[in-house]
Each structure stands twice: as C-alpha cells, then as structure tokens.
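The numbering of the sequence shown is numbering that gives the first Met the number 0, which starts it at 0 and goes up by one.
Below is one structure, written out as structure tokens, with a few remarks after it.
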Amino acid sequence: MAVDPLPIDPLPSGPNEPQQGWGVVRFQSATIALLLLASIVVATSAHAQTSTIGRVWPIVEPDAMAEIEAKVRTLPADMSGKFGPRSTWSAMKAAPLGVAVHTLRRSVVPFYTLESEIRLPDGTLLYPKGYTFNPLAYVTLPQRLVVVHPRDLAWALAQAKPTDFILLTADTGHGADPLTLSERSGRALFILEARVKERLGLTVAPVIVEQVGQKLELTEVRLDRPLTRGATGASPVTPRASATSRRGQGQ
Numbered sequence: 000m001a002v003d004p005l006p007i008d009p010l011p012s013g014p015n016e017p018q019q020g021w022g023v024v025r026f027q028s029a030t031i032a033l034l035l036l037a038s039i040v041v042a043t044s045a046h047a048q049t050s051t052i053g054r055v056w057p058i059v060e061p062d063a064m065a066e067i068e069a070k071v072r073t074l075p076a077d078m079s080g081k082f083g084p085r086s087t088w089s090a091m092k093a094a095p096l097g098v099a100v101h102t103l104r105r106s107v108v109p110f111y112t113l114e115s116e117i118r119l120p121d122g123t124l125l126y127p128k129g130y131t132f133n134p135l136a137y138v139t140l141p142q143r144l145v146v147v148h149p150r151d152l153a154w155a156l157a158q159a160k161p162t163d164f165i166l167l168t169a170d171t172g173h174g175a176d177p178l179t180l181s182e183r184s185g186r187a188l189f190i191l192e193a194r195v196k197e198r199l200g201l202t203v204a205p206v207i208v209e210q211v212g213q214k215l216e217l218t219e220v221r222l223d224r225p226l227t228r229g230a231t232g233a234s235p236v237t238p239r240a241s242a243t244s245r246r247g248q249g250q
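Written out as structure tokens, the structure is:
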C-alpha cells in the first residue's frame with residue numbers, strides 16, 4: 000500500500016535571502032579564525048614559558064639532601080653513648096626558682112634598655128644608647144606561660160590551655176629530665192632560661208604569666224604539697240596582695 004509523503008512547506012524566500020545567508024557564513028568564518036588565532040597565541044605562550052634564552056650551564060653543586068644522607072650513613076647507628084645521660088646536658092639546665100608559699104597576683108612592666116645605639120644605614124641616629132621602652136606597647140604575648148617545678152607538672156597540665164607554654168624550673172629531686180617528661184605527657188615542654196627568669200622578674204613557682212594591657216600579670220600559686228605526688232591540688236587563685244613593679248632590662 001502506497002503512503003503519500005507528508006507535505007513539507009518550502010522555506011520562505013525573498014529578495015534578502017542571499018544577503019542573510021552570506022552574513023551567516025561570514026560570522027562563522029570570523030569565529031573560526033578567532034579560535035585558531037587564540038590557539039596559536041596560547042601555544043606560543045606555553046612554548047615561551049619553557050624556552051631557554053641565552054647560555055646555560057649544568058648545576059655542579061651536589062644536592063643538599065644527598066649530602067645530608069651521605070653524612071648520616073657514616074655516623075654510628077646509636078650516638079647516645081657519646082653524649083651521656085640527659086641530666087648532664089648543659090641544654091637541660093634550667094633556672095631555679097623558690098616555692099610559692101602564698102597565692103598572690105602582681106604586675107610587672109618589662110622595660111627594655113638599649114645597650115648600644117641604633118643607626119640607619121645612612122648614619123642617622125634612630126635610638127640612642129640607654130633608650131628605654133616597653134616592648135608590650137608594640138607586641139602582644141599571645142599565650143600564657145605556666146612556670147612550674149618538675150614535680151608539679153601534673154598541676155600545670157591540668158591548668159594550661161592548649162596554646163599555653165609550660166616551662167620547667169631546675170629539677171628539685173623529681174629525677175626525670177624535660178625530654179622524658181615531655182614524652183610521658185605527650186605535650187611540648189620548655190626549660191626556664193636564666194635570662195627569661197630575670198626579664199620577667201620571676202622568684203617563685205608555680206606562677207602563671209599573662210599579658211594584661213601593657214603589663215605582665217604574674218599569678219603565683221601556693222600548692223597543697225601533700226597532693227603533689229598525684230594530681231596536684233592548689234589553693235584558689237585569689238590574690239592576697241597586688242603590686243606593680245617596673246623592670247628595665249638590657250641585653
């Protein structure tokens with residue numbers, strides 16, 4: 000059985016039909032040309048980034064990591080015997096502090112005095128020798144310093160925030176060195192250096208150092224000594240006395 004095809008209307012025609020057709024062709028040609036030009040520019044740019052201009056020479060210096068690895072291979076597997084026990088290391092020698100017998104809060108202004116003048120490269124005097132200023136007027140101490148004797152580390156771990164620094168004083172019979180205590184507690188510990196002790200005006204521990212405005216607030220805490228073998232107890236931090244001292248230090 001024959002089926003008649005569906006009638007298809009012819010496209011409209013008119014006097015402007017040839018001009019419209021040529022306009023479409025010209026637009027498509029221009030688009031293709033622009034795409035080709037863009038691809039050439041991108042390829043040229045990529046080639047320029049990897050091209051070499053001028054003379055080059057090979058790198059004759061040995062690789063730094065290769066040198067380090069080669070040096071390590073010449074060392075003994077265990078060098079601990081050459082250094083002796085940690086307790087004898089000079090780097091482990093912390094500054095001593097007394098024991099806090101009262102809970103009190105005091106303030107310290109850590110003034111700094113220049114021991115020599117500071118000049119600009121052209122010789123202009125910027126700060127004369129003896130110039131004194133308060134560093135806390137320009138910088139901020141972002142964390143607290145919790146300074147304790149090694150035997151009171153349990154108390155410090157309970158008091159310190161994650162961002163605080165725990166500083167250990169000289170060992171008073173606890174036996175373990177700071178590295179061992181750090182490994183046991185799982186927290187980074189630091190030793191109290193003599194210059195830090197002098198600069199902050201520390202005399203006893205435990206003490207918590209915190210910046211308040213342009214001063215350092217030192218909270219000395221009297222601990223309940225019979226509990227220091229386990230979780231150390233402490234008297235409430237209520238100041239018995241308050242004082243502000245001015246310290247001028249040079250380095």
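Each residue gets a CB set at the ideal place from its N, CA and C atoms; glycine is no exception.
Could you give the DSSP three-state label for residue i: helix, strand or coil?
i: G129; result: coil
i: I67; result: helix
i: L144; result: strand
i: E114; result: coil
i: E209; result: strand
i: T162; result: coil
i: V157; result: The residue you asked about is not Val; residue 157 is Ala in the sequence shown. Here A157 sits in helix by DSSP.
i: V100; result: coil
i: R72; result: helix
i: D151; result: helix
i: V107; result: strand
i: A204; result: strand
i: I190; result: strand
i: K92; result: coil
i: E216; result: strand
i: L119; result: coil
Assuming residue i and residue j are in contact, meaning their beta carbons sit under 8 angstroms apart, how far apart are those beta carbons, in whole angstroms?
i: V146; j: V98; result: At roughly 12 angstroms, the Cβ-Cβ gap does not stay under 8 angstroms, so V146 and V98 are not in contact.
i: T131; j: F110; result: 5 angstroms
i: R221; j: H101; result: 5 angstroms
i: R143; j: D163; result: 5 angstroms
Within the same chain, show all residues whose beta-carbon is closer than 8 angstroms to that of residue i, passing over the 5 residues directly before and after it, in chain order.
i: R118; result: L124, L125
i: P177; result: M91, A93, P149, L167, L188, F189, I190
i: K74; result: In the sequence on display, residue 74 carries Leu and not Lys. Nothing listed; no residue qualifies.
i: Q213; result: V108, N133, L135, A136
i: K128; result: L113, E114, S115, E116
Around the C-beta of residue i, are 16 or more other C-beta atoms found within 10 angstroms, so that it is buried, or is it exposed?
i: G229; result: For G229, the predicted model reports a pLDDT of 38, less than 50, meaning its position is unreliable; a value from the coordinates is still stated below. Classification of G229: exposed, given that the 10 Å Cβ count is below 16.
i: R105; result: buried
i: D223; result: exposed
i: D62; result: exposed
i: A193; result: exposed
i: E114; result: exposed
i: D151; result: buried
i: V107; result: buried
i: A76; result: exposed
i: E68; result: exposed
i: W154; result: buried
i: E116; result: exposed
Give every residue of the same chain whose Cβ lies closer than 7 angstroms to the Cβ of residue i, excluding the five residues on either side of it in the sequence, and list them in chain order.
i: A159; result: V145, I165
Considering only their Cβ atoms, is the gap separating residue j from residue i smaller than 9 angstroms?
i: L215; j: L103; result: no
i: L217; j: L199; result: yes
i: V211; j: L201; result: no
Skipping 5 residues on each side, what residues in its chain have a beta carbon closer than 6 angstroms to that of residue i?
i: E219; result: A99, L103, V203, V206
i: F82; result: none
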